[in-house]
Amino acid sequence: MKSNLFKNFPLNKIIDPKRGKVLTIMLVLSAIFQVWDFTNILRGNHIKDAIEFNAYVPNWYTPYYIVMWSIYIPILIGIWLWKKWVVYFDITTSILQVFLMLYLFRPLNLLLLIPVYIVFYGVYLWAIFRKWQYFK
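Per the working numbering, residue 11 is the first one in the sequence shown, and the count goes up by one each step.
In C-alpha cells:
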C-alpha cells in the first residue's frame with residue numbers, strides 16, 4: 011500500500027538539486043551548530059566556553075550571544091531560500107563579529123582561530139558565490 015503522507019509535500023522545494031552538495035552540507039551543519047548553540051544558551055555553558063577561549067568576557071556577553079544567535083537563524087533560512095540581501099547581511103555580520111572577537115574578546119588561541127575561520131568562511135562564501143545566479 012502506497013502512503014499518501016507526502017503527496018502534497020513539496021520536497022523539491024526543500025531539497026533543491028541546484029543548491030549543490032557543498033552548500034547544502036554547510037547549511038545543514040550550520041543549522042546543527044545553531045541547535046547546539048541554543049542548548050548552550052539554555053544550559054548557560056556559553057559563558058563557560060567564552061571564559062575558556064577569550065581573555066575578556068564583558069557583562070553583556072549573554073545578550074550579545076543571544077542576539078548573534080537570533081540573527082544567524084534568519085541568515086541560514088535566507089540563504090536556503092536564495093535571498094541575495096541575506097548574503098550581504100551575513101558578510102556584514104561576520105565582519106562585525108570578527109572585529110568584536112579580535113578587539114574586544116581577545117581570543118587566547120588566535121593563531122589557531124584565524125586560519126580556521128578564514129578556511130571555513132572562505133569555503134562557505136565560495137559555495138555561495140558558485141551558486142550566485144540562483145540568488146534573487
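We put the beta carbon where it would ideally sit given N, CA and C, even for glycine.
For the 8 Å CB-CB criterion, Ile89 and Ile35 do not form a contact. Shown here for Asp59: same chain residues with a beta carbon closer than 8 Å to its own, the five before and five after excluded, namely Asn50 in chain order. If you check the CB distance, Trp79 and Phe115 do not come in under 8 Å.
Judged by DSSP in its simplified three-state form, Asn69 adopts coil rather than helix or strand. Counting along the chain, Arg140 sits inside the alpha helix (DSSP H) bounded by residues 120-140.
Taking each of Trp46, Trp92, Ile57 in turn and checking the Cα distance to Pro27, the smallest one comes out for Trp92. Cβ-Cβ distances below 8 Å link Ile83 to Gln44 in the same chain, with the five nearest sequence neighbours on each side left out; the list follows chain order. For the 8 Å CB-CB criterion, Leu86 and Leu37 form a contact.
Within its own chain, the residues whose Cβ lies closer than 8 Å to the Cβ of Val67, once the five positions on either side in sequence are excluded, are Ile57, Ala60, Ile61, Phe115, listed in chain order. Asn55 is positioned such that its CB atom lies no closer than 8 Å to that of Pro117. Within the same chain, Cβ atoms closer than 7 Å to the Cβ of Met111 are found at Pro117, the five residues on either side in sequence being excluded.
With respect to the 8 Å criterion, Lys146 and Gly30 are not classified as neighbours on the basis of their beta carbons.
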